[in-house]
Ligand SMILES: Nc1ncnc2c1ncn2[C@@H]1O[C@H](COP(=O)(O)OP(=O)(O)OP(=O)(O)O)[C@@H](O)[C@H]1O
Ligand SMILES: Nc1ncnc2c1ncn2[C@@H]1O[C@H](COP(=O)(O)OP(=O)(O)OP(=O)(O)O)[C@@H](O)[C@H]1O
Ligand SMILES: [Mg+2]
Ligand SMILES: [Mg+2]
């Protein structure tokens, strides 16, 4: 019998560009696995739902996947907000939910059926910052972040913790809002505060124009970016102004491992465009799940199979596009064991002449 | 720093005004808050991108394509949606709801065709170099946007105030029936207005797309929100009002970043807007047009 | 029975959302029925949602008390802002109320210690039961229906049709507008409180411009010639995306076009008693 | 010589039958009047002639050509111009701009327009004093003068007037009727006048029609109808 | 009953009323005439609280009306009709009239929420009274029609019925017969006399001289914001200033 896996991602609306990458990553991995014989002879079938990046839709999509389509488990949703709303549904129904792009704190505290392989910014940003600071001799930085978005705001929170911990002074902290097109007011102010570097928590949609406008204003300091800036699109969107961006992530398009190379080639062939981190993490998540599925025997009794998968998943070790991967137990608010986060090391790279160069 | 911020404010204000001019024209003449103007803006930007990447047109050509494509879209919307609603005497919020539906459809259509991710114009389209003018960092594009928005305002004002066409448009704005009795082709001028306003929206889409270095299917939405604020603050359909309110919003935003703090930017801007409306209940240039009892 | 259970398991949320959206549509119907295009309902919904969630999460308040708080908080805010704002008319009122909503959103973003800022509030207990929503909707409809037949409802209608003339009929225009505005805020707050306890999580961006426009769209699409109008609008607008799920990537294209078509063919809204009457062949006595 | 002839004109608003099949002629160079009670269908008739409401049946010939399906702006272009009920002046435009717009369908240039504006000013000197003022700030009588002056700017061959005396002071009413008479006498302009001020209208008109419930029930010369006892009872309040 | 004490009003630089004083005695019909734009409607707007006077005082039965909102002035016993008809077009005639009784319905929120007897009784009484008022205006056969479908003249009568519904002691009529023909005017004249006979005081603005002269026992003439004459119909009719400014020196009889 086929193995039905649910995919609930934002395929339309403002988060669609991430959701679509993610779907592409899943599809690629599932096709590869099926082509290689599937799971103990059964094919992986993806049941894809659009959750539009809205929490109500995510809840509806989860319920449909769990109760109507009777999937074995669910991948998604795209945004942390939606995860906060929808993951409790899966937890209550004792269905594994595997997030590949939810980086906000607290998601895996929801319960013991919540998994993710997205490395949280709490893990990555301190490394990025310390590497850049050491190599560049940075003493004081200006901070710029999007304050109306969970992703960029929690990135900022983690940057702030790391800056405090590493005793780096902050000259000024500025914010912008999603959808802004002009950042010159903030950048002019930042330039006047004379920082050694600009710490930037933004998604690429705003991050790229920020880089361009900073350079236009003569603000030529290095930019230390969060997870959201880790995309080859920066070379295109900030063409001519993309140098000097430091980012940390488990995945880099320049990471020359065998697994990553194979992924990039396969992805580029299938979709005619370069993959990003969202696709890479989705791709790996599918393989991680496949490892667990291979270890269990599917009985056709849905509740039993779901429980078996839940129990097999935490032990999976896998080396994929994002490097060596294992799960790490998270705790809930009371400190009791809950879901599973990713244990992975970050790669720090810096942009130069239209490429990422790995620094560490 | 102050000089630079003032210039930033001027160029941001001009960005808002550029968008708002076409928007307020439809509002003024057709009396419709056309919430598909953001989508039309986006269509113009994508059309120009196609013109540049596929037809290898220079910027001027791309702008012309954007004007034509968006303008035609505006025309089609007028003929297929707004005109039938006028003919049916639809209550006044109904056309607005129709344009919301259109915006949803157009935005998703663009996503279906071009994908959700950000695209941009090739860097060769417009030199991005910074000029140093009197200690200010200024780009060619910013100067262009400022000049264009002021120029457009001047042209629109000249047309509206000084020509028979302009007088006819103002007549329609006040009363289509009275205008028809003067021999004015009301339906035709509605179409012309829709075409020109949407065309201007498309041109704004290209320039603001260049400015932000990003095109994406929902690119019209954030600026639509600001645009609504601008045209209402300016006073129903008033061209000078739209320009002034655009600048007002630009200055409010930039100066609140500079002197109050960027987290409070939108609160200050919208708080000011709120305050201005309380002082001038019909916007900056709106006349209290209610007929006496 | 089993088929109902499985239906409920999949669609309970959708059905309850129909209820809360209907409350929202009624809330803006209230102000529209008094001639005001006030667009602060999304903000009021947010204020209600935050107030109620903070009451249950931080103060451990029982659910009924939280719901009451979720209605009272926006009512107080409406009362305070109504004074200066309600003398504006038409789109100017719409803009001022939208601007107010924007300010509320930014206040929420900037009061992180209370509201969680952009991160929102997580782990809201799912206390909303189906009968809470049903009861709230039933009570709201009953009160509004009774109101429509009283001097208050007539006063609203008169103000909508001609404010000056209404004042000269002895109607206290300001007070009635304020009543409609505050009552609308309470309904929106109730919807927000119920919704928050249905979805585990709330964040400030849910209560912005788009939500405000969505609420307005439901009401206008449904029609404002009776209470069934807003409710039918809410139902259509909530169900349509679900019904079109099969269309995948292009569902919003169809969704948007359906809106346009409905409006083109039913410009007075889905629920139009006058049209129903002519359809049924009857005429007003 | 009839400038305009109407045969079997029917106009409905949904279920309401406003005009139920009327025939009449307007003779070139004459003043013709149409009188009738409130809601008789007078304004509807004028609107139908101007193309602003659609006829359900019948034909309208203007200068020999069928115009009942022609677009309103084309009808104005041919010289059939209406001064609508309730002084449809454009309140947000100035007096001069209103007059300029009156000449919208003309293509004979700004100089000709300026000449004609002076002509209107000579007919209505009050307008000259207020040429730069917004029309909305004029008194009722002045707005009515403006509306007539603006219609004259189109160089009409046929001028339709819908209750030009409504709400005006007696002095102004006399003024306006005198002016209409003068324009008709001096320039030979054909005028079709709808009035509630039945006595004045009948005195002025060479020919008159009485409309009741959408039907023409009486016709004759102005003087004949003025003496008709039925008219006296129904419209003059004797 | 109504007293204006040197009332002035300007709009920006435009002086519309200057030192206007007159007194409307109880029980009669008082006329205000004058050229277009003289400020007549403005007087009514000042009295009904739609506009505040720039200076001067307006007294109703000895109490000042200045600064009171329109609904209180209505509650105090003044009602009006409008020069440009302002009926509630989408309501039925009956509803239009019942709206006029708003302040006279003695039930509170508990009444309508619980449909208490007080509510039912008041609503029933309002309905009956509304039908009665409509029958005064000979409109009762159209009570359930939508007001928008009425002809012009009927809408004017509906406005009158609606104004009466507020139970006023003083009725202000702004050009009640504009747009009516002679027969209709004659009919309305009789109805206004009936209303007066029922004990109402009437103040009216009208350009139709036969109507004004036939009905009013006192007339004031306003020109450029000043009262230029006041007195009985015959005195006003022959006043040279009034003829000069308003009536005109027509050799023919006045327009009817
Ligand atoms: N837009 C409309 N919709 C429906 N019915 C209408 C409309 N306009 C006019 N009517 C109806 O058509 C009939 C004729 O109206 P019309 O305005 O032609 O009368 P009129 O003779 O000009 O009256 P008045 O002297 O009051 O101006 C009336 O019964 C009126 O109620
Ligand atoms: N709200 C206002 N703002 C500015 N000017 C006004 C306003 N209301 C009235 N006016 C002006 O005041 C003057 C007097 O107007 P009013 O309406 O009182 O005249 P009226 O005597 O009633 O004239 P009519 O007989 O034409 O109705 C006019 O010049 C008018 O334009
Ligand atoms: Mg008429
Ligand atoms: Mg008046």
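Protein chains in written order, with the working numbering: chain S, 1 to 360; chain X, 1 to 293; chain W, 1 to 285; chain R, 1 to 238; chain L, 1 to 256.
Just so it is clear, CB atoms sit at the ideal spot from N, CA and C, and this is done for glycine as well.
Contacting residues, own chain, Cβ-Cβ under 8 Å from residue i (five flanking each side not counted)
i, result
"residue 224 of chain W", "29, 32, 33, 230 and 269"
C-beta neighbour in chain S for residue i, strict 7 Å
i, result
"residue 56 of chain X", "no"
"residue 115 of chain W", "no"
"residue 254 of chain X", "yes"
"residue 139 of chain X", "yes"
"residue 1 of chain X", "yes"
Below-7 Å beta-carbon distance, residue i vs any chain X residue
i, result
"residue 20 of chain S", "yes"
"residue 256 of chain W", "yes"
"residue 95 of chain R", "no"
"residue 182 of chain S", "yes"
"residue 61 of chain S", "no"
Any chain W beta carbon closer than 7 Å to residue i
i, result
"residue 176 of chain X", "no"
"residue 127 of chain X", "no"
"residue 99 of chain L", "yes"
"residue 226 of chain L", "no"
Own chain residues within Cβ distance below 6 Å of residue i, not counting five before or after
i, result
"residue 140 of chain L", "131 and 134"
"residue 161 of chain R", "83 and 193"
"residue 325 of chain S", "318 and 344"
"residue 293 of chain X", "The predicted position of residue 293 of chain X is uncertain, since its pLDDT is 37 and thus under 50; a value taken from the coordinates is nonetheless stated next. Around residue 293 of chain X: no qualifying Cβ."
Whole-Å CB distance - residue i paired with residue j, under 8 Å assumed
i, j, result
"residue 25 of chain W", "residue 234 of chain W", "4 Å"
"residue 194 of chain R", "residue 210 of chain R", "Actually they are not in contact, since the Cβ atoms of residue 194 of chain R and residue 210 of chain R sit about 12 Å apart, beyond 8 Å."
"residue 51 of chain S", "residue 90 of chain S", "The pair is not a contact, with the Cβ atoms about 13 Å apart (cut-off 8 Å)."
"residue 9 of chain R", "residue 55 of chain R", "6 Å"
"residue 37 of chain X", "residue 224 of chain X", "6 Å"
Closer than 7 Å to chain R by CB, residue i
i, result
"residue 293 of chain X", "At residue 293 of chain X the pLDDT is 37, less than 50, meaning the model places this residue with poor confidence and gives no usable figure here."
"residue 90 of chain X", "no"
"residue 290 of chain X", "At residue 290 of chain X the pLDDT is 40, less than 50, meaning the model places this residue with poor confidence and gives no usable figure here."
"residue 171 of chain X", "yes"
"residue 18 of chain X", "no"
Residue i beta carbon near ligand 5 (any heavy atom closer than 6 Å)
i, result
"residue 11 of chain L", "Absent from the structure shown: ligand 5. Ligands present: ligand 1, ligand 2, ligand 3 and ligand 4."
Closest Cα partner of residue i within the set the options
i, options, result
"residue 269 of chain X", "X:282, X:229, X:280 and X:195", "X:229"
"residue 203 of chain L", "L:81, L:209, L:159 and L:167", "L:81"
"residue 46 of chain S", "S:40, S:268, S:4 and S:236", "S:4"
"residue 72 of chain R", "X:257, X:272, X:178 and X:276", "X:178"
"residue 5 of chain W", "S:63, S:82 and S:357", "S:63"
"residue 88 of chain S", "S:109, S:145 and S:167", "S:109"
"residue 101 of chain W", "W:167, W:16, W:77 and W:114", "W:77"
Within-7 Å CB hit, residue i to chain L
i, result
"residue 141 of chain R", "yes"
* Is it a yes or a no for the stretch 171-187 of chain S touching the stretch 261-277 of chain X, going by three-plus beta-carbon pairs under 8 Å? -> yes
* Spell out a yes or no on whether the stretch 32-43 of chain L and the stretch 221-237 of chain R are touching, meaning 3 or more CB-CB pairs, one atom from each, closer than 8 Å. => no
* To do: Count the CB pairs spanning the stretch 223-230 of chain L and the stretch 101-111 of chain L that are closer than 8 Å, and state whether there are at least three.
  => no
* Asked: Taking three-plus beta-carbon pairs below 8 Å as touching, is the stretch 107-114 of chain R in contact with the stretch 134-145 of chain R?
  -> no
* On the three-pair Cβ rule with 8 Å, is the stretch 200-217 of chain W touching the stretch 155-173 of chain S? -> no
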